[in-house]
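Just so it is clear: in the sequence shown, position 177 is 184 by the working numbering, and no numbers are missing.
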Amino acid sequence: VNSGEIDLFANFACSCRESGVAMTNMLVFCGSADIVPLVEAMGALAIYHEPSFAYVSKMANYEYLDNVFVDMMWFKSFSVWLLLKLGYNTLFQDVDLVWFKNPLDLFLNVGVQPGQSNQKNMLIDERLLAQIQSNDDVAYLDEGESTSRLRFTHPKEVDAFLSDDGQRSLRYTPFYANSGFYFLFANNRTEYFAWTIMTSFALLHITGSHQNIFTIRLIEGLDLSQLRPKLLTLRQFPSGVKYNHDKPFMRGILDRHEEPYLFHMCWTRNKTGKLENFRLSHMWYLNDYATEQLESFYLGEEQHRSILKEVVYSGGESSKKSKTKKTLNSWDY
8 VNSGEIDLFA NFACSCRESG VAMTNMLVFC GSADIVPLVE AMGALAIYHE
58 PSFAYVSKMA NYEYLDNVFV DMMWFKSFSV WLLLKLGYNT LFQDVDLVWF
108 KNPLDLFLNV GVQPGQSNQK NMLIDERLLA QIQSNDDVAY LDEGESTSRL
158 RFTHPKEVDA FLSDDGQRSL RYTPFYANSG FYFLFANNRT EYFAWTIMTS
208 FALLHITGSH QNIFTIRLIE GLDLSQLRPK LLTLRQFPSG VKYNHDKPFM
258 RGILDRHEEP YLFHMCWTRN KTGKLENFRL SHMWYLNDYA TEQLESFYLG
308 EEQHRSILKE VVYSGGESSK KSKTKKTLNS WDY
């Protein structure tokens, strides 16, 4: 994350606190040293190494695929490979997400029988777990699929969990995986997969999209390294396609008829769109003062500390009157 997107990370941190998810094992790769204290104060680990990390702008990207956007893709590329190289199972995500429950409880317990408790004494979702443990090498987790035909497999038979972008254009075919949220078990296959993405950064500058490279290397990895991914359902791991094309589902989240693990606010042109969509979805957890301060492109360390005291965990409600033209109740169906 860079300084221009730090408010989105703060909103993610607030969602974790609202949902009771600890951030102590989350590592944030920072684009500059000035935001490291702020990230750490929110409960996550932060890393910035000026001699090693390439320079990136402190500004938010103006629009999708602009120069700032592409430069930040380098951080998306090397961070995943580095952690896998060190032997860590890695859940990577962008900052434009909110969590309602911890997805790691699902990913790390693929071998646990449905209905049993894992090491954290959390009950495993029977239907979803059974679908993940299907015997297909690549399969969508269909909520309506009968589980009677499915067998339980060893966790090592799954290398990766990939989120569904929702986009069905040719450039993301055939899996339509989103590179802004995915989980990789640390092994030779996933390390090679991450390495092929990292070493394709020149190609990324040509295509303009990390997700294009992600798709290309995923297809190659299925053959060259026998990578074994699973594709997650949009119902449990929704993205911006749901915001734009499934208003009843969004209303279901508000009414608690739908209980996804998280929400990924992609499918926007720029950060302004993300902020507006989060507010209209009741998924913006910062009060107005904290939001205004964090939206600035550069803040000194002392300002960081003062801002932390103003951040509230309000469950989507603002402590002051909203200055936006639309309010939280102005959802148009």
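Each residue gets a CB set at the ideal place from its N, CA and C atoms; glycine is no exception.
Output the boundary residues of the beta strand (DSSP E) element that contains Val-35.
Here residue 35 refers to the residue found at position 28 when the sequence shown is read from its first residue. Segment 34-36, the beta strand (DSSP E) holding Val-35.
Going by Cα to Cα distance, which pick from Leu-98, Gly-259, Asp-103, Val-105 is closest to Leu-115?
On the sequence shown, position 108 is the one that residue 115 refers to. If we check each option's Cα against that of Leu-115, Leu-98 comes out closest.
Below 7 Å between beta carbons: does that hold for Lys-281 and Asp-172?
Along the sequence shown, read from residue 1 onward, the residue named residue 281 stands at position 274. Along the sequence shown, read from residue 1 onward, the residue named residue 172 stands at position 165. Their beta carbons are not under 7 Å apart, which means Lys-281 does not touch Asp-172 by this criterion.
Cβ neighbour criterion (16 or more within 10 Å) applied to His-212:
Residue mapping note: residue 212 aligns to position 205 of the sequence shown, counting from 1. Exposed is the call here.
Environment of Val-8 [buried if 16+ CB atoms lie within 10 Å]
Position 1 of the sequence shown holds residue 8. Flag for Val-8 reads buried.
Reduced DSSP secondary structure (H/G/I, E/B, other) of Phe-114:
The sequence position of residue 114 within the sequence shown is 107, counting from 1. In this structure, Phe-114 counts as helix in the three-state DSSP scheme.
Just verifying my parser: in three-state terms, what is the DSSP assignment at Asn-142?
Within the sequence shown, the letter at position 135 stands for residue 142. With a pLDDT of 39 at Asn-142, under the threshold of 50, the predicted position of this residue should be treated as unreliable, and no value is reported.
By a C-beta neighbour count over all protein chains shown, 10 Å radius and 16 as the cutoff for buried, is Asp-230 buried or exposed?
Numbered from 1 along the sequence shown, position 223 holds the residue referred to as residue 230. Of the residues assessed, Asp-230 falls on the exposed side of the cut-off, its CB having fewer than 16 other CB atoms within 10 angstroms.
As an exercise, report each continuous alpha helix (DSSP H) stretch of at least 4 residues that is fully enclosed by the region 229-309, in chain order.
247-252, 254-262, 278-287, 295-301
With H, G and I counted as helix, E and B as strand and the rest as coil, what does DSSP make of Gly-187?
Here residue 187 refers to the residue found at position 180 when the sequence shown is read from its first residue. Here Gly-187 sits in strand by DSSP.
Do the region 183-201 and the region 82-99 touch if we need at least three Cβ pairs shorter than 8 Å?
yes
State whether the region 219-236 contacts the region 257-266, with contact taken as three or more CB pairs (one from each stretch) at a distance under 8 Å.
The way I'd put it, the region 219-236 doesn't touch the region 257-266; fewer than three beta-carbon pairs between them come closer than 8 Å.
CA-to-CA distance, Phe-19 to Gly-50, given in whole angstroms
For this step, residue 50 is matched to residue 43 along the sequence shown. For this step, residue 19 is matched to residue 12 along the sequence shown. Going by the C-alpha atoms only, they are around 12 Å apart.
Span of the beta strand (DSSP E) around Ile-54:
Sequence index remark: in the sequence shown, residue 54 carries index 47 (1-based). 52-54 is the span of the beta strand (DSSP E), which, as asked, contains Ile-54.
Three-state secondary structure assigned by DSSP to Phe-107
Taking the sequence shown and counting its residues from 1, the one referred to as residue 107 is at position 100. Of the three classes helix, strand and coil, the one that applies to Phe-107 here is coil, per DSSP.
Neighbourhood of Ser-288 by C-beta distance below 7 Å, restricted to the same chain and skipping five residues each side
Translated into positions along the sequence shown, residue 288 becomes position 281. Cβ within range, chain order: Tyr-250, Met-257.
Looking at the strands, I want to know which residues DSSP matches up with Thr-97.
As a position in the sequence shown, residue 97 is number 90, starting the count at 1. Thr-97 pairs with Leu-191.
Which residues in the same chain have their Cβ closer than 8 Å to the Cβ of Asn-195, if we skip the five residues on either side of it in sequence?
Here residue 195 corresponds to residue number 188 of the sequence shown, with the count starting at 1. Ser-232, listed in sequence order.
Candidates Glu-12, Gly-11, Asn-96, of which the one nearest Val-165 by Cα
What you label residue 165 is simply residue 158 of the sequence shown in a count that begins at 1. Comparing Cα positions, the closest option is Asn-96.
Comparing alpha-carbon positions, which option in Asp-295, Val-105, Ala-184 lies nearest Pro-236?
Here residue 236 is taken as the residue at index 229 of the sequence shown, counted from 1. For Pro-236, the closest C-alpha among the options Asp-295, Val-105, Ala-184 is that of Ala-184.
CA-to-CA distance, Phe-168 to Ile-13, given in whole angstroms:
Here residue 13 is taken as the residue at index 6 of the sequence shown, counted from 1. Here residue 168 is taken as the residue at index 161 of the sequence shown, counted from 1. Computed Cα separation, rounded: 26 Å.
For Asp-172, which three-state DSSP category applies?
Position 165 of the sequence shown, counted from the start, is the residue given in the question as residue 172. It is coil, neither helix nor strand.
Measuring CB atoms only, is the region 266-286 touching the region 197-204, in the sense that at least three cross pairs come out at less than 8 Å?
By the C-beta criterion, the region 266-286 is judged not to be in contact with the region 197-204, since fewer than 3 inter-stretch pairs fall below 8 Å.
On the three-state DSSP scale, how would you describe Ala-201?
Here the question's residue 201 lines up with position 194 in the sequence shown. The answer is helix: DSSP assigns Ala-201 an H, G or I state.
Once the 5 residues before and after Glu-227 are set aside, which same chain residues still bring their CB inside 8 Å of it?
As a working note, residue 227 is residue 220 in the sequence shown. Contacts found: Thr-203.
For Thr-20, three-class secondary structure by DSSP:
Within the sequence shown, residue 20 is the residue found at index 13, counting from 1. Just to set this straight, residue 20 is Ala in the shown sequence, not Thr. Ala-20 falls in the helix class under three-state DSSP.
Taking just the CA atoms, how far does Pro-110 sit from Ala-48?
In the sequence shown, counting from the first residue as 1, residue 48 sits at position 41. In the sequence shown, counting from the first residue as 1, residue 110 sits at position 103. Their Cα atoms are separated by approximately 23 Å.
Can you list, in chain order, the residues of its chain with a C-beta nearer than 6 Å to that of Val-28? Leave out the 5 residues immediately preceding and following it.
Taking the sequence shown and counting its residues from 1, the one referred to as residue 28 is at position 21. Excluding positions up to five away in sequence, the list reads Trp-106, Asn-109.
Rounding to the nearest angstrom, what Cα-Cα distance links Glu-25 and Asp-295 in this structure?
Sequence index remark: in the sequence shown, residue 25 carries index 18 (1-based). Sequence index remark: in the sequence shown, residue 295 carries index 288 (1-based). Distance between the alpha carbons of Glu-25 and Asp-295 is about 18 Å.
Member of Thr-214, Leu-113, His-56 whose CA lies at the smallest distance from the CA of Arg-178:
Here residue 178 corresponds to residue number 171 of the sequence shown, with the count starting at 1. Out of Thr-214, Leu-113, His-56, Thr-214 has the C-alpha closest to the C-alpha of Arg-178.
In the DSSP assignment, find the alpha helix (DSSP H) that holds Leu-210 and state where it starts and stops.
Locating residue 210 in the sequence shown gives position 203, counting from the first residue. Counting along the chain, the unbroken alpha helix (DSSP H) around Leu-210 starts and ends at 208-214.
Which value, in whole angstroms, describes the spacing of the CA atoms of Val-43 and Met-30?
Walking along the sequence shown from the start, residue 43 turns up at place 36. Walking along the sequence shown from the start, residue 30 turns up at place 23. Each residue's alpha carbon lies about 15 Å from the other.
If you measure between the beta carbons of Ala-17 and Leu-301, is that distance less than 7 Å?
Mapped onto the sequence shown, residue 17 falls at position 10. Mapped onto the sequence shown, residue 301 falls at position 294. Yes.
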